[in-house]
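For the protein sequence lines, the chains are A and B, in the order given. Each residue of the first sequence is one higher than the one before, starting from 726 at the first, in the working numbering. Each residue of the second sequence is one higher than the one before, starting from 726 at the first, in the working numbering. Glycine is no exception: its CB is placed at the ideal position from the N, C-alpha and C atoms. This report refers to the structure that appears directly beneath it.
2 protein chains.
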Amino acid sequence: MTSDKPIIIDCLQYCNWSREIFEEMKAGGVTAVHVTICYHEQFRETIQNMERWNRWFQEHGDLIVPGRSAGDVRRAHEDGKTAIIFGFQNCSPMEDDIGLVEILHQLGARFMQLSYNNQSLLATGCYEAEDPGITRFGKQAIREMNRVGMVIDMSHSAQRSTLEAIDLSERPIAITHANPAFWHTALRNKSDEVLKALGESGGMLGFSLYPFHLNGHSNCRLDDFCDMIARTADLMGLDNIGIGTDLVQGQPDSIVEWMRNGRWSLETDYGEGSKDNAGWPGPLAWFEGNRDFGNIAEGLKARGFTEPEVDNVMGLNWLRFFETSFGPQD
Amino acid sequence: MTSDKPIIIDCLQYCNWSREIFEEMKAGGVTAVHVTICYHEQFRETIQNMERWNRWFQEHGDLIVPGRSAGDVRRAHEDGKTAIIFGFQNCSPMEDDIGLVEILHQLGARFMQLSYNNQSLLATGCYEAEDPGITRFGKQAIREMNRVGMVIDMSHSAQRSTLEAIDLSERPIAITHANPAFWHTALRNKSDEVLKALGESGGMLGFSLYPFHLNGHSNCRLDDFCDMIARTADLMGLDNIGIGTDLVQGQPDSIVEWMRNGRWSLETDYGEGSKDNAGWPGPLAWFEGNRDFGNIAEGLKARGFTEPEVDNVMGLNWLRFFETSFGPQD
Chain A
726 MTSDKPIIID
736 CLQYCNWSRE
746 IFEEMKAGGV
756 TAVHVTICYH
766 EQFRETIQNM
776 ERWNRWFQEH
786 GDLIVPGRSA
796 GDVRRAHEDG
806 KTAIIFGFQN
816 CSPMEDDIGL
826 VEILHQLGAR
836 FMQLSYNNQS
846 LLATGCYEAE
856 DPGITRFGKQ
866 AIREMNRVGM
876 VIDMSHSAQR
886 STLEAIDLSE
896 RPIAITHANP
906 AFWHTALRNK
916 SDEVLKALGE
926 SGGMLGFSLY
936 PFHLNGHSNC
946 RLDDFCDMIA
956 RTADLMGLDN
966 IGIGTDLVQG
976 QPDSIVEWMR
986 NGRWSLETDY
996 GEGSKDNAGW
1006 PGPLAWFEGN
1016 RDFGNIAEGL
1026 KARGFTEPEV
1036 DNVMGLNWLR
1046 FFETSFGPQD
Chain B
726 MTSDKPIIID
736 CLQYCNWSRE
746 IFEEMKAGGV
756 TAVHVTICYH
766 EQFRETIQNM
776 ERWNRWFQEH
786 GDLIVPGRSA
796 GDVRRAHEDG
806 KTAIIFGFQN
816 CSPMEDDIGL
826 VEILHQLGAR
836 FMQLSYNNQS
846 LLATGCYEAE
856 DPGITRFGKQ
866 AIREMNRVGM
876 VIDMSHSAQR
886 STLEAIDLSE
896 RPIAITHANP
906 AFWHTALRNK
916 SDEVLKALGE
926 SGGMLGFSLY
936 PFHLNGHSNC
946 RLDDFCDMIA
956 RTADLMGLDN
966 IGIGTDLVQG
976 QPDSIVEWMR
986 NGRWSLETDY
996 GEGSKDNAGW
1006 PGPLAWFEGN
1016 RDFGNIAEGL
1026 KARGFTEPEV
1036 DNVMGLNWLR
1046 FFETSFGPQD
C-alpha cells in the first residue's frame, strides 16, 4: 500500500515500452499515464497495438493495469501500480466509420486527437496553412465521442478547429500536451485565446516537457518552466492544468520519422526539427524520465504553490477530469 | 418488475433482427438470447456487425441490453428486458491472430465455434470426410479462450475434433444448438459418445428446433421432442441441458446461401437441404418464434419433468453455466 504517496498523472507519453520503463514508473510513484497507441495507424493496426498492450498487462501485471476509469486510477494508486490509459494522437483508427468510436471506447481508448499536424477527416492540424474548422464528419464524431466518453484532444490541431471543438463539444475537452505560446512561440503551443476558452469551458491543459515546446529547448530551466505554469494558472484557472510531458524514452529515430511522415509524405518532413536536427531533441537536466516528477513538484513549491495546489497540478486535476469524462454522457 | 416470471434462455438464434422481434422476445418472456453475429465474416466485418448491434442497443434500449455476464442476464430479468449475448458460428473473426480472442471478448463475444461445417484453422467441421482433430493453432486458441472466458462451441464441428476440444479445454465447453443422433440421424446431431463426454466434463447441450435436426423435420411432434429431452437427460445429466433453438425469423434465402457457401464455394452447397429444397425449412406448428417457449415448458411438464426441472432446462442451467464461463479463468 502506497496510498499515502501523492497521485501523479502524466497525460502523455509515447515511450518504447519495456519492463524497465514500467519499473521506473513505479520508482517515480507515477499513478497513471496516458499512453499514445497510434499516430497514423488505421483501425486494424491500432487493434494490433492494443493486443501488444494486452500482453504487457499479462506479463507485467505486478506493475501496470488498464486505466479505463478514475476508479481504475485510484485502485492503481492503492496498489502501488501504474494505470495505463489508451489514447490516439490522430483520428485514423476510426477511419471513415462513426461506429468505431464506440468500439474503440469499449476497447479502452479514452483520448483521441481530432487531427495530427495535418488536415484530417475531422479537423485541421497545426501545420496546415489554412484551417477551415471542424468538418461535417467532425461534428458527428464530436457528438459520438461526447456520448460514449472519449475525450477530444486538440494538442496537434490548428486554432480555429480547436476553438470550434471547444464550442461544439458538450463536454470539456483537453489539450493533453502543449504549452502557452506567450512563453515559447511554436506551432504546437497555444494562444491565450485558446487557453482562456479551454479554461472557461472546464477543459484541461497538460504542460509538455518536449524540448521543442520549451523556452530554451533542452536548456530550459525548471524555475522558468514553473513560472510559466503559474502564469498559465492565472490565465485559465488553477483547476484546469496538469502535466502531459510528451515523454519519449528509448525510441529509435524511425519513430519520430513515422510520427512526422506516416505514409502521407514523399519528401521527408522534419516537423519541429530540421534536416540538420532530424532526430530526438536532447533531454532536460531536471526531467529525464519517470523518476523525475518530484523535481517538478519541488519546482512548483519553490515558485510559491501551496502543497494542495501542487497535488492538484501533479495529478488530482486530471483525476477529477477523468471522473467526469470517461463514462457515458448523462 | 417481472422477476416472478421464469428465466428463459435461448442459446442460439440468428433472426433478421428488428424491433418487432425484440418485442416478441419481451412478449415471450425471453430473458437472454445467444445471437449469431458471424458465419464467415473476418475481423473487420464482425466489427461492422457489432457496430450494428451497438446501434440497436441505443435505439431499442427499452427492450434489449448487452449480455456479457450472468449478472447482466439477471438484471435483464429484473427489468423485463432481453440480454443479447454475442457469439460466432466460426473462428473466422479471429483470423490468424491469437490476440484477437481477447479483443473480441472485450467487445462482448462469449461463444465461438472452432469450425463451421468445413475445416478451419482450429478444428474440423462436421461436413468434412476426414477429421484430423484440433490443430496446433487450435490448441493455443482453446487455451486463450479458456483464459479470457470465451466459450468453445462445437455445434458444427466433427466428432474427433469435438472430443479433443472437450478433453483439451480446461473449462466446460458447449454445443449450443444440436440434438442427439440416437433420436434423429443428421451430420449436425451428436453421438452418445460426444454427449456423454460433454456431460461428464460439465458441458452444456442446447436442444435445436431447426427442422433439419428434428425427427420428422417440420412435422416433429412436441411430445416426441420432449421425450428425446428426457432420454438425453438420462444420458448426460439433468444439469447439462438447455435450449438452443437455432431459430431463424424473417431471413431471406440469401442468408442461408451465405451460411452454406460463404466465399469458399464455386458450386452451390445446399448444406442440410438439397437443390429441390434449397431455402429455409417450414416452421413447426408448436414453435414459430419467441412467443412460443411456453409450449416447450408445457411439453416438458406433460412428459413428467417437475417444475424445478423445467426451470433448469428452460434457462437456469444456462445461467449457471454463464456464471462460471464468461469471466477470466481463476
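Contact of A:Leu-972 with chain B is not assigned, every C-beta pair being separated by 7 Å or more. Taking the C-beta atoms as reference points, B:Val-760 is found no nearer than 7 Å to B:Thr-807.
Between the C-alpha atoms of B:Phe-836 and A:Lys-1026 there is a straight-line separation of about 55 Å.
A distance of 7 Å or more separates the beta carbons of B:Glu-827 and B:Gln-767. Under the three-state reduction of DSSP output, A:Val-758 falls in the strand class. Separation of B:Pro-897 and B:Asp-787 (C-alpha to C-alpha, rounded to the nearest whole angstrom) is 33 Å. Judged by DSSP secondary structure, A:Val-1038 falls outside any alpha helix (DSSP H); it is assigned neither H nor E.
In the displayed model, A:Ser-886 falls within a helix according to three-state DSSP.
For the pair A:Gly-1014 and A:Gln-974, the CB atoms are nearer than the 7 Å cut-off. In summary, the residues of the region 762-773 of chain B whose CB is separated from some CB of chain A by less than 8 Å are Phe-768, Arg-769, Ile-772, Gln-773, in the order they occur in the chain. Secondary structure within the region 822-855 of chain B: the alpha helix (DSSP H) runs of 4 or more consecutive residues, fully enclosed, are 825-831 (chain order). A contact is defined here as three or more CB-CB pairs under 8 Å, and the region 951-962 of chain B meets this definition with respect to the region 897-913 of chain B.
For the 7 Å CB-CB criterion, A:Ile-966 and A:Leu-934 do not form a contact. At the C-beta level, A:Cys-740 and A:Ile-734 stay beyond 7 Å of one another. For A:Cys-951, the uninterrupted alpha helix (DSSP H) run begins and ends at 947-961, by DSSP. Here A:His-938 carries a helix assignment [DSSP, helix/strand/coil]. Distance from the CA atom of A:Thr-910 to the CA atom of A:Trp-1011, rounded to whole angstroms, is 22 Å. DSSP, reduced to helix, strand and coil, places B:Leu-893 within a helical segment of the structure shown. The contact set of A:Gly-962 on chain B, defined by CB atoms closer than 8 Å, is empty, because the minimum CB distance reaches about 35 Å. Taking 7 Å as the upper bound on Cβ-Cβ separation, chain A lies near residues Glu-827, Ile-828, Gln-831, Leu-832 of the region 827-850 of chain B. Under the Cβ distance rule, A:Asn-779 counts among the residues neighbouring chain B, one pair being separated by less than 7 Å.
Here DSSP, grouped into helix, strand and coil, assigns B:Ser-999 to strand. Contacts between B:Glu-803 and chain A, judged by CB atoms closer than 7 Å, are missing: the closest CB pair is about 21 Å apart. Inclusion of A:Gln-838 and B:Leu-832 in the CB contact set at 7 Å is not warranted, their separation being larger than that value.
The beta carbon of A:Gly-863 sits no closer than 7 Å to any beta carbon of chain B. For A:Gln-738, the uninterrupted beta strand (DSSP E) run begins and ends at 734-738, by DSSP.
Annotation: A:Cys-851 to A:Thr-970 spans about 19 Å, alpha carbon to alpha carbon. DSSP places B:Leu-788 outside both helix and strand once states are collapsed to three, so it counts as coil. Not a single CB atom of chain B sits nearer than 7 Å to the CB of A:Glu-895. For A:Trp-989, the closest of A:Trp-781, A:Gly-998, A:Ser-817, A:Arg-744 by C-alpha to C-alpha distance is A:Ser-817.
DSSP places B:Phe-1047 within a helical segment (H, G or I) once states are collapsed to three. For the set B:Asp-822, B:Met-875, B:Ile-1021, the Cα lying nearest the Cα of B:Phe-862 is the one of B:Asp-822. The beta carbon of B:Glu-1048 is closer than 6 Å to those of Ala-795 in its chain, skipping five residues each way along the sequence.
Interface with chain A (7 Å Cβ-Cβ cutoff): B:Glu-776 is included. Across the structure, A:Phe-782 and A:Arg-769 are spaced so that their CA atoms are roughly 20 Å apart. Along the region 810-827 of chain A, the positions whose C-beta sits under 8 Å from a C-beta of chain B are Asp-822, Gly-824, Leu-825, Glu-827, read in chain order.
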